[in-house]
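Asks: Numbering (the working numbering), first residue to last: 3 to 287.
Glycine is no exception: its CB is placed at the ideal position from the N, C-alpha and C atoms.
#1: What's the C-alpha gap between residue 19 and residue 196?
#2: Pick out whichever of 52, 163, 147 and 183 has its Cα sitting closest to the Cα of residue 111.
#3: Go to residue 12, then tell me how far its beta strand (DSSP E) extends in each direction, as first and last residue.
#4: Per DSSP, which one or two residues make a beta bridge with residue 23?
#5: Under the three-state reduction of DSSP, which class applies to residue 59: helix, strand or coil?
#6: Would residue 72 pass as a contact of residue 49 if the rule is Cβ separation under 8 Å?
#7: Using the C-alpha atoms, what's the distance from residue 182 back to residue 141?
#8: Does DSSP put residue 269 in a helix, in a strand, or in coil?
#9: Could you name each continuous beta strand (DSSP E) segment of 3 residues or more that falls completely within the segment 70-128, going from the start of the chain to the end?
#10: Pull the bridge partners of residue 320 from the DSSP assignment, please.
#11: According to DSSP, is residue 227 part of a helix, a strand, or is it coil?
#12: Go to residue 215, then tell me how far its beta strand (DSSP E) extends in each direction, as first and last residue.
#13: Relative to the alpha-carbon of residue 237, which residue among 123, 268 and 224 has its alpha-carbon at the smallest distance?
#14: Relative to the C-alpha of residue 245, which candidate in 189, 211 and 99 has its C-alpha closest?
#15: If we call anything under 8 Å between Cβ atoms a contact, is residue 151 one with residue 99?
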């Protein structure tokens, strides 16, 4: 069943919506990546947010942040309505305001799948909610939205800095595997190698990986390679140079995979385009 949208705003560099699924279907919420920074607020429902192998069981009022190309999905219970508010924005939106990217620290200055969750001590007195509410109440006024987004990010940065001082938790096995894959995307990565490196069987690897990411090892690696390729292409690197850098053995297989993933050819992404294109828009919903 399609969600009911209580609020929605869309521009080329900001996409925000509040939605509710009264009868959520868990299979509707699939693992994905995109080119936006995301701020997610759970309003009500039973949900676990998965980011690059890390599981975050959520409480109402929790905030989760993800950065571009960070794979994530929400595991939703069908037992009760599921309501959330999501803000996606292009990092370039803050370039002139924050050239040193201080406001993006919680997104970019951390390992993938780590320090994504922000839980207020008192959900009813959350420091995040006034700015999120102001964004929703802006009725699409761009200046109001950006001003409150900056204030919201400043609040998140403050919590991030305090959490960073106390962050000494050891990485999970899944997080270690995902981190290793992330640094070895250009080369061939096999199940046998992963199993040998981390001392687990293929059955264990496949089960733990599927639980962590919502997809298979092969599909995950392919999606991450394609996202890396898209970012290089959008920055001006010719597609014929990108495919080898991102682990594809030949251009034809890369070309087919790219079209299947993004719905357009690599060369089309060399042209100026909106950050929130039609494909990303449908995915973010």
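Replies: In terms of the structure at hand:
#1: Position 17 of the chain shown holds residue 19. Position 194 of the chain shown holds residue 196. Taking the straight line joining both Cα atoms gives about 39 Å.
#2: On the chain shown, residue 111 is found 109 positions in, with the first residue counted as 1. Nearest option by C-alpha distance: 163.
#3: Reading the chain shown from its first residue, position 10 is the one you call residue 12. Its beta strand (DSSP E) spans residues 6-12.
#4: Mapped onto the chain shown, residue 23 falls at position 21. Answer by DSSP bridge pairing, in chain order: 84.
#5: For the purposes of this step, residue 59 is identified with residue 57 of the chain shown, where counting begins at 1. If DSSP states are grouped into helix, strand and coil, residue 59 belongs with the strands.
#6: Stepping through the chain shown from its first residue, residue 72 is reached at position 70. Stepping through the chain shown from its first residue, residue 49 is reached at position 47. No.
#7: Here residue 141 corresponds to residue number 139 of the chain shown, with the count starting at 1. Here residue 182 corresponds to residue number 180 of the chain shown, with the count starting at 1. Answer to the nearest angstrom: the Cα atoms are 44 Å apart.
#8: What you label residue 269 is simply residue 267 of the chain shown in a count that begins at 1. Here residue 269 carries a helix assignment [DSSP, helix/strand/coil].
#9: 74-78 and 84-91
#10: Outside the displayed span of the chain (3 to 287) sits residue 320, for which this structure offers no information.
#11: Mapped onto the chain shown, residue 227 falls at position 225. Reduced to three states, the DSSP call for residue 227 is helix.
#12: In the chain shown, residue 215 corresponds to position 213, counting from 1. That residue, residue 215, is in no beta strand (DSSP E); its alpha helix (DSSP H) goes 204-215.
#13: By 1-based counting over the chain shown, the position of residue 237 is 235. Among 123, 268 and 224, the Cα nearest to that of residue 237 is on 268.
#14: The residue given as residue 245 occupies position 243 in the chain shown. The residue with the shortest Cα to Cα distance from residue 245 is 189.
#15: Position 149 of the chain shown holds residue 151. Position 97 of the chain shown holds residue 99. No, they are not a contact pair.
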